[in-house]
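Since the structure comes first, as structure tokens, the remarks are kept for the end.
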Amino acid sequence: MRNIIISRLNGGLGNQMFQYSIGRAISFHTDRELYLETGDLDRDTLRQCLIHNFDIKCTLVDEEFLAKRLLWPIKLVKRFPNLPFPFSRIKYIREKSFEYDKGVFDLSGDICLDGYWQSPKYFDNIKKDIYNEFKISELTSPYRISVSHQILNGNSVSIHIRRGDYISNPKTNSYHGTCSVLWYNRAMEMIQSKFKDINYFVFSDDLNWAKENIHSRYPMNFVENQSDGKDYEDLYIMSLCKHNIIANSSFSWWSAWLNRNPEKVVICPQDWFSVKHINTKDLLPDEWIRLK
């Protein structure tokens with residue numbers, strides 16, 4: 032019987048994509064059967080499971096599936112992760128830090144992963160598979176189809192502006208922070224120093240703010256939110272742009288990473304968090320431009 036790996040899902044779509052990708056990579060390299068556990072999302076009133084909208088190679092399970100293998104209360108195991116629990120049929124592994132941990136590939140037996148695992152180093156060796164599995168077979172929104180045609184027919188640059196709870200929640204704001212108008216202006220100046228005839232496409236969860244604050248001498252296309260719950264389609268059409276200016280957001284990150292243009296320029300924030308103690312050296316690909 033094959034060993035299994037369970038990756039616990041939580042957070043928004045970008046987080047779920049990282050959590051799937053590390054599980055997929057370990058499954059591939061160690062011949063384990065992959066399961067995604069959705070218990071945290073089932074209880075979350077703000078987030079929902081969106082990863083199943085891609086062509087993922089795994090099975091979605093509820094928290095009971097994990098509980099039957101732990102044989103201990105999940106809350107207790109989460110409080111003391113990475114420790115052996117007698118009679119448990121699965122090792123519960125909590126992410127130790129934000130940095131890449133190659134040791135997770137060397138674990139034996141059945142394992143459960145709990146964390147964010149935000150580094151492309153986990154899945155670099157299967158990047159073609161990840162590209163294909165996160166590709167949308169077809170867009171369902173006529174509006175997004177129209178936008179995608181415009182993107183593909185010009186020198187397109189996506190600009191992603193993440194506000195939402197980064198602004199409205201003081202605790203979240205103090206931890207994550209946001210990119211300033213000055214930062215976006217500098218990012219656009221850098222793009223404009225490299226390319227001509229640019230066509231910007233602006234994506235944001237606060238489009239009114241973006242329209243009031245983000246300006247350029249080049250055409251600005253503000254992509255309207257569709258409010259249909261299909262954020263994965265927005266991420267996909269962002270990835271179709273030739274170049275990307277991204278926010279400090281995992282959703283933003285994936286739109287740039289999935290961009291298949293071999294000559295793409297990606298401009299990202301040098302400081303991914305407001306707090307200074309988190310080392311993000313393994314998050315951002317070397318070829319991306321880190322802008323202070």
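Numbering (the working numbering), first residue to last: 32 to 323. For every residue, glycine included, the Cβ atom is placed at its ideal position computed from N, Cα and C.
| query | result |
| --- | --- |
| State the Cα-Cα distance for the pair Lys227 and Met251, rounded to the nearest angstrom. | 14 Å |
| Please classify Gln301 as buried or exposed, where buried requires at least 16 other C-beta atoms within 10 Å of its C-beta. | exposed |
| How long is the line joining the alpha carbons of Pro151 and Trp214, rounded to whole angstroms? | 25 Å |
| Which residues in the same chain have their Cβ closer than 7 Å to the Cβ of Asn34, if we skip the five residues on either side of it in sequence? | Arg63, Gly140, Asp141 |
| Just checking my contact of Gly208 with Phe304 at CB under 8 Å: how many whole Å lie between their CB atoms? | 7 Å |
| List the whole-angstrom C-beta distance separating Lys109 from Asp145, where the pair is believed to meet the contact cut-off of C-beta under 8 Å. | 7 Å |
| State yes or no: is the C-beta of Val188 within less than 8 Å of the C-beta of Lys323? | no |
| Enumerate, from N- to C-terminal direction, the unbroken beta strand (DSSP E) stretches of 3 or more residues contained entirely within the stretch 265-319. | 274-276, 297-300 |
| Return the CA-CA distance between Glu264 and Pro117, expressed in angstroms with no decimal places. | 45 Å |
| Measure the C-alpha to C-alpha separation of Ile124 and Phe59 and round it to an integer number of angstroms. | 18 Å |
| Can you tell me which of Asn184, Lys225, Ser205 puts its alpha carbon nearest to the alpha carbon of Ile268? | Asn184 |
| According to DSSP, which residues form a beta bridge with Asp145? | Arg125 |
| My assumption, with CB atoms under 8 Å, is that Phe136 sits in contact with Ser52. Please give the rounded CB distance. | The pair is not a contact, with the Cβ atoms about 13 Å apart (cut-off 8 Å). |
| Can a CB atom of chain B be found closer than 8 Å to the CB of Glu255? | The displayed structure is made up of one protein chain only, and chain B is not part of it. |
| Would you say the stretch 157-167 touches the stretch 242-256, given that touching needs at least three Cβ pairs under 8 Å? | no |
| Are the stretch 38-45 and the stretch 274-292 touching, with three or more C-beta to C-beta distances below 8 Å? | yes |
| Keeping to the same chain, check which residues put their C-beta closer than 8 Å to that of Gly195; ignore five residues upstream and five downstream. | Asp236, Asp237 |
| Got a sec? Which residues, its chain only, sit under 7 Å from Ser119 by beta carbon, not counting five neighbours each side? | Leu101, Leu102, Trp103 |
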